[in-house]
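Novice: This is the structure, below, for whatever I ask next.
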């Protein structure tokens, strides 16, 4: 895979959940900080509720079927340096995370799976 490979993708289950959350909360965004506990999981927020800045990198604007606008996927710059040779796959698993991500009340949480891509 070259530089044109998608940096971030959603599993079908994650895409279904994004559609459900979009319907309930409006435009969405993800941020992955690399912090402790659930801070290392991707957090989903209403777009703009998490303030990004110079310390963050926009990895992808995800197109999700049934969602009008792209969903931004942001990561802290320091975390990006560690994960720069991976493709991030956003998935969903049962169980409630400990963070403020929008999916928490649904009894599920987003989870990152990764695959190494060519340097």
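Residue numbers (my numbering): 998 to 1116.
All C-beta atoms in this analysis are idealised placements derived from N, C-alpha and C, irrespective of residue type, glycine included.
Short check: CB of residue 1038 to CB of residue 1085, under 9 angstroms?
Specialist: No. Outside cutoff.
Novice: If we count the other Cβ atoms within 10 Å of its Cβ and call it buried at 16 or more, is residue 1053 buried or exposed?
Specialist: Residue 1053 comes out buried.
Novice: Could you tell me the alpha carbon to alpha carbon distance between residue 1090 and residue 1051, rounded to whole angstroms?
Specialist: Whole-angstrom Cα-Cα distance: 31 angstroms.
Novice: Counting only the same chain and skipping the five closest in sequence on each side, list residues whose C-beta sits under 7 angstroms from that of residue 1066.
Specialist: So the list reads 1024, once near-sequence residues are dropped.
Novice: Applying the criterion that 16 or more other CB atoms from any shown protein chain within 10 Å of the CB defines a buried residue, is residue 1104 buried or exposed?
Specialist: Looking at its Cβ environment, which holds fewer than 16 other Cβ atoms inside 10 Å, residue 1104 is exposed.
Novice: From the DSSP output, in three-state form, read off residue 1015 for me.
Specialist: Residue state, collapsed to three classes: helix.
Novice: Would you kindly work out how many angstroms separate the C-alpha atoms of residue 1007 and residue 1042, rounded to a whole number?
Specialist: Rounded to the nearest angstrom, the two C-alpha atoms are 16 angstroms apart.
Novice: Would you list the one or two residues that DSSP bridges to residue 1097?
Specialist: Partner(s): none; residue 1097 has no beta bridge.
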